[in-house]
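Engineer: Let me give you the structure first, and then I'll get to my questions.
Protein chains in written order, with this note's numbering: chain C, 1 to 387; chain G, 1 to 487.
What follows is the structure, given as structure tokens:
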């Protein structure tokens with residue numbers, strides 16, 4: 001337990017005086033994400049510890065530098081979880097290694113080498129998970145990172161410590177600034193603490209596997225999602241559709257009976273590999289594109305074979321693909337494309353990691369940035385060149 | 001000047017130009033002018049606060065909304081958007097120098113997509129109408145505020161409405177995927193959508209619960225939830241509210257997230273039973289309703305677990321609904337709690353704080369003490385699963401000084417909610433009613449951040465000015481006088 005609020009605040013104030021931008025960094029596990037970071041590194045890993053955890057209130061509050069692994073272990077002890085399954089994208093702690101990917105476990109699997117000395121041990125932090133706003137396999141049914149954010153404490157660009165939301169499920173006092181921080185990549189403020197809604201772990205889980213071509217798999221996923229079935233994750237790749245069921249024992253058993261398919265043995269390892277992008281599909285250095293689409297979008301016929309998650313709403317592609325064509329195809333379908341992992345040059349050629357926004361929305365975003373961080377101190381350009 | 005609209009004074013010439021402009025945009029029966037015509041719009045569900053607007057616009061087409069906003073933007077006229085007017089915090093109360101923009105005519109469900117599990121609706125569509133329209137496809141719209149027969153989706157977006165099932169199924173913010181919004185200058189934008197995780201900042205999160213201060217909702221795309229095959233509710237009596245509160249904690253500790261989890265205290269139960277005859281136990285100090293839904297097997301498993309916990313927690317009696325009719329009857333009492341209390345008192349104020357549930361006993365004790373101090377009765381209805389407490393303060397506005405006493409009593413309850421780590425409003429919004437207590441919950445710097453959010457969407461501060469976020473001056477007055485009362 002370490003409260004470094006004052007030290008962090010002094011750093012922000014000093015940066016404000018010197019007009020020297022800061023690059024906020026937790027465990028460094030998501031350095032690859034977004035546009036290339038710039039600014040003087042401001043490490044938050046020391047500001048750590050679980051501040052409050054009330055299992056019967058379904059709320060946990062942790063400092064930003066708390067390792068996700070530590071937080072999830074504390075929840076696990078009480079039979080609870082972060083239902084949005086935030087990816088860590090960092091080597092699993094020693095104890096969990098090998099549990100994940102069976103014989104293939106270990107750091108060699110990691111698509112990115114471990115970050116430089118020392119950082120790798122810390123791994124992903126709570127602050128980084130919320131700032132990145134990424135969610136794992138359970139997202140399509142349980143909700144996204146932002147859906148579980150109840151409150152934040154942050155330092156704004158003036159060095160003020162501000163609190164929004166709280167530790168209760170329902171709170172409509174003032175605008176929902178807490179959720180705004182999810183996915184803002186630290187560009188609006190330095191997250192000091194976050195309060196998250198947690199959920200009980202399901203009593204039972206089972207994973208079923210079906211051999212289906214892409215179009216049939218998408219059709220089945222959308223149809224099943226419209227039925228009262230305890231679906232909790234899905235993945236299609238190489239003509240194999242995997243579907244996870246979670247819930248009461250009776251509900252999982254009944255759904256298994258109804259859906260058929262073949263039960264998958266090392267299911268935990270499979271979903272963990274997907275969540276951490278350690279599955280075969282994610283290996284190697286080829287650029288990784290993420291397409292976010294309405295779930296029922298038919299196969300897009302883009303180059304390369306996709307890996308599909310979230311009932312059809314998240315589709316991954318590998319390779320040096322034409323950015324303009326991908327973004328156009330995604331937009332046509334009502335979605336967007338992100339160059340998720342790639343070299344800096346590749347991201348520059350793609351016009352940035354993220355899909356551009358309509359002009360009036362961009363204008364609102366600029367003014368928001370101006371309001372929270374008038375001098376542009378925090379992670380300049382990480383989310384967008386103007387923010 | 002951001003958020004300055006509440007001080008706007010229009011000259012006669014501007015008012016004339018406004019009326020002439022509105023006449024160009026709207027047909028005669030779409031524009032209400034003059035005292036008698038606008039009076040029905042002078043308040044919302046919070047009738048203690050009233051204000052006559054300059055005019056009420058009742059457009060029927062999107063282009064008219066856009067033109068009205070352009071006109072008002074050009075003239076610097078405040079605009080207060082309004083749905084069904086069922087809000088309980090005065091969020092839709094007009095501004096003296098502004099117009100009311102009623103979206104009541106936007107009542108069309110534009111699209112139902114069963115495969116994608118979404119519906120696209122206009123803002124004036126009633127909450128319940130969505131569930132009715134999608135029922136044939138096996139779906140419903142999950143958020144179910146008690147006013148769902150009347151309240152509109154546009155209003156739900158403005159307030160981030162909840163309901164009795166939101167512990168399991170989420171609030172409006174979890175069930176609205178995208179919005180088509182007219183900004184203050186009439187620019188139309190799409191925010192969010194059915195593809196997950198829009199790029200950039202999460203403007204959708206800001207729009208939902210923004211009390212009509214950031215933009216005017218033209219369309220909403222909502223998530224539809226498959227209707228569970230079965231739902232059953234357990235009704236348990238307790239001779240002590242503390243025991244009932246502990247039972248709620250124990251249910252959650254057992255890893256159960258009930259579809260609904262509600263509590264009522266004795267005064268609330270009595271008022272309701274007289275009205276609805278739901279078979280509530282009149283001797284109980286607290287009644288707890290816990291619902292399980294899902295497949296028949298799932299419901300059986302969960303209901304058995306719930307009943308075991310209730311018994312262990314000292315429930316004096318437990319009844320489980322035998323069929324759908326009985327389930328609805330058990331719920332009917334809870335859903336009618338507000339009107340039931342309305343029958344036994346000339347007037348009542350409904351508070352809306354949320355508290356960490358572990359402080360329930362302390363908060364209820366303090367509410368009872370304050371009830372004696374102010375000489376006013378209070379009944380408590382509690383969304384136990386999520387900590388949202390609705391004390392209903394009973395008073396008679398015709399007795400001199402009673403409304404002031406009731407208001408002050410309510411304010412004390414809200415401040416108490418903040419003290420124990422909760423919030424002044426869980427689902428009804430700040431509006432005009434709780435604007436002073438915002439100064440208790442937030443620091444001047446935090447309030448300044450809210451003003452920055454407002455200014456990012458609405459630089460001239462014309463959309464529903466004077467609501468939800470207090471001015472610095474109002475807060476410094478509160479800090480001078482409010483703290484004295486605390487002592």
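Here a beta-carbon is modelled for each residue, glycine too, at the ideal position from N, C-alpha and C. Please read these numbers as outputs of a predicted model, since none were measured by experiment.
Short of 8 angstroms in beta carbon distance, which residues of its chain neighbour residue 264 (chain C), apart from the five on each side in sequence? Order them along the chain.
Structural biologist: Excluding positions up to five away in sequence, the list reads 207, 208, 209, 242, 270.
Engineer: Along the chain, where does the alpha helix (DSSP H) that runs through residue 411 (chain G) open and close?
Structural biologist: Start and end: 402-419.
Engineer: Using only alpha-carbon positions, find the residue among G:334, G:462, G:391, G:331 that is nearest to residue 348 (chain G).
Structural biologist: Comparing Cα-Cα distances from residue 348 (chain G) to each of G:334, G:462, G:391, G:331, the minimum goes to G:391.
Engineer: Excluding the 5 residues flanking residue 103 (chain C) on each side, which residues of the same chain have their C-beta closer than 6 angstroms to its C-beta?
Structural biologist: Only weak support exists for where residue 103 (chain C) lies, its pLDDT of 35 falling under 50; the coordinates are left without a value.
Engineer: At a CB distance below 9 angstroms, what residues from the stretch 154-174 of chain C approach chain B? Give them in sequence order.
Structural biologist: The structure shown contains no chain B; its protein chains are C and G.
Engineer: Taking just the CA atoms, how far does residue 29 (chain G) sit from residue 80 (chain G)?
Structural biologist: One C-alpha to the other measures close to 19 angstroms.
Engineer: Residues of the stretch 71-82 of chain C in Cβ contact with chain G at a cutoff of 9 angstroms, in chain order, please.
Structural biologist: Answer set for the stretch 71-82 of chain C: 78, 79, 80.
Engineer: Cβ of residue 358 (chain C) less than 8 angstroms from any chain G Cβ?
Structural biologist: Output row for residue 358 (chain C): interface = yes.
Engineer: Terminal residues of the continuous beta strand (DSSP E) containing residue 314 (chain C)?
Structural biologist: Looking at the DSSP string, the run of the beta strand (DSSP E) that includes residue 314 (chain C) is 314-318.
Engineer: Quick test of the definition: if touching needs 3 or more C-beta pairs under 8 angstroms, does the stretch 148-167 of chain C touch the stretch 427-439 of chain G?
Structural biologist: No, they do not touch.
Engineer: Where do the N-terminal and C-terminal ends of the alpha helix (DSSP H) with residue 490 (chain G) fall, by residue?
Structural biologist: As displayed, chain G neither begins before 1 nor continues past 487, which places residue 490 (chain G) out of reach and without an answer.
Engineer: Rounding to the nearest angstrom, what Cα-Cα distance links residue 111 (chain C) and residue 306 (chain C) in this structure?
Structural biologist: Reliability of the predicted coordinates at residue 111 (chain C) is poor, the pLDDT of 37 falling under 50, and the value obtained from them is presented with this limitation in mind. Cα-Cα distance, rounded: 17 angstroms.
Engineer: With 8 angstroms as the limit, tell me which residues of the stretch 345-372 of chain G have their beta carbon closer than that to any beta carbon of chain C; keep them in chain order.
Structural biologist: Going along the stretch 345-372 of chain G in chain order, one finds 354, 355, 356, 357, 358 with a Cβ nearer than 8 angstroms to chain C.
Engineer: Can you list, in chain order, the residues of its chain with a C-beta nearer than 7 angstroms to that of residue 178 (chain C)? Leave out the 5 residues immediately preceding and following it.
Structural biologist: Here the set comprises 149, 150, 151, 152, 164, 165.
Engineer: Following the continuous beta strand (DSSP E) through residue 221 (chain G), name the residue where it begins and the one where it ends.
Structural biologist: Note, residue 221 (chain G): beta strand (DSSP E), 216-223.
Engineer: What number of angstroms, rounded off, separates the C-alpha of residue 238 (chain G) from the C-alpha of residue 414 (chain G)?
Structural biologist: Rounded to whole angstroms, residue 238 (chain G) to residue 414 (chain G) spans 26 angstroms at the Cα level.
Engineer: So with Cβ pairs under 8 angstroms, would you call residue 127 (chain G) a contact of chain C?
Structural biologist: Chain C, which has no Cβ nearer than 8 angstroms to the Cβ of residue 127 (chain G), makes this no.
Engineer: Give me whichever residues DSSP pairs with residue 197 (chain C) in a beta bridge.
Structural biologist: BP columns for residue 197 (chain C) point to C:59.
Engineer: Taking Cβ positions, are residue 357 (chain C) and residue 329 (chain C) nearer each other than 8 angstroms?
Structural biologist: No, these two residues do not count as a Cβ contact at 8 angstroms.
Engineer: Terminal residues of the continuous beta strand (DSSP E) containing residue 182 (chain C)?
Structural biologist: Neither: residue 182 (chain C) is in no beta strand (DSSP E) and is coded neither H nor E.
Engineer: Please classify residue 172 (chain C): does DSSP put it in a helix, a strand, or coil?
Structural biologist: Three-state DSSP puts residue 172 (chain C) in coil, outside helix and strand.
Engineer: List the residues of chain G whose Cβ lies closer than 7 angstroms to the Cβ of residue 367 (chain C), in chain order.
Structural biologist: Neighbours of residue 367 (chain C) on chain G, chain order: 455, 456.
Engineer: Is it right to say residue 277 (chain G) is buried, meaning 16 or more other beta carbons lie within 10 angstroms of its own, or is it exposed?
Structural biologist: Classification for residue 277 (chain G): exposed.
Engineer: Step through the CB atoms of chain G and report whether any lies within less than 8 angstroms of the CB of residue 281 (chain C).
Structural biologist: No, its Cβ sits nowhere closer than 8 angstroms to a Cβ of chain G.
Engineer: For the alpha helix (DSSP H) holding residue 43 (chain G), just list the boundary residues, first then last.
Structural biologist: Careful: residue 43 (chain G) lies outside any alpha helix (DSSP H) and carries neither H nor E.
Engineer: Mind listing the chain G neighbours of residue 200 (chain C)? Cutoff is C-beta to C-beta under 8 angstroms, in chain order.
Structural biologist: Within 8 angstroms Cβ-Cβ: 252, 255, 256, 257.
Engineer: According to a CB-to-CB cut-off of less than 8 angstroms, which residues of the stretch 295-308 of chain G neighbour chain C?
Structural biologist: Those residues of the stretch 295-308 of chain G that come within reach of chain C (Cβ to Cβ, closer than 8 angstroms) are 295, 297, 298, 300, 301, 302.
Engineer: Check the DSSP bridge columns for residue 246 (chain G) and list the partner residues they point to.
Structural biologist: The partner list for residue 246 (chain G) (beta bridge, DSSP) is empty, contrary to what the question assumes.
Engineer: Using a Cβ-Cβ distance under 8 angstroms, would residue 44 (chain G) count as near chain C?
Structural biologist: So no, residue 44 (chain G) is outside the interface.
Engineer: Could you give the distance in angstroms between the alpha-carbon of residue 260 (chain G) and the alpha-carbon of residue 67 (chain G)?
Structural biologist: Approximately 43 angstroms between the Cα atoms of the pair.
Engineer: Kindly indicate which three-state DSSP category residue 292 (chain C) falls into: helix, strand or coil?
Structural biologist: Three-state DSSP puts residue 292 (chain C) in a strand.
Engineer: DSSP state of residue 351 (chain G), grouped into three classes?
Structural biologist: Here residue 351 (chain G) sits in coil by DSSP.
Engineer: If you draw a straight line from the C-alpha of residue 100 (chain C) to the C-alpha of residue 379 (chain G), how long is it?
Structural biologist: Confidence at residue 100 (chain C) is low in this model, with a pLDDT of 37, below 50, so its placement is unreliable and no value can be given for it.
Engineer: Between residue 56 (chain C) and chain G, is there a C-beta pair that is closer than 8 angstroms?
Structural biologist: True, the Cβ-Cβ gap to chain G drops below 8 angstroms.
Engineer: If you reduce the DSSP assignment to three classes, tell me which class residue 74 (chain G) lands in.
Structural biologist: Looking at residue 74 (chain G) - three-state DSSP - the assignment turns out to be helix.
Engineer: Given this structure, state the Cα-to-Cα distance separating residue 490 (chain G) from residue 289 (chain G), to the nearest angstrom.
Structural biologist: Residue 490 (chain G) lies beyond the residue range present for chain G, which begins at 1 and ends at 487; the question has no answer from this structure.
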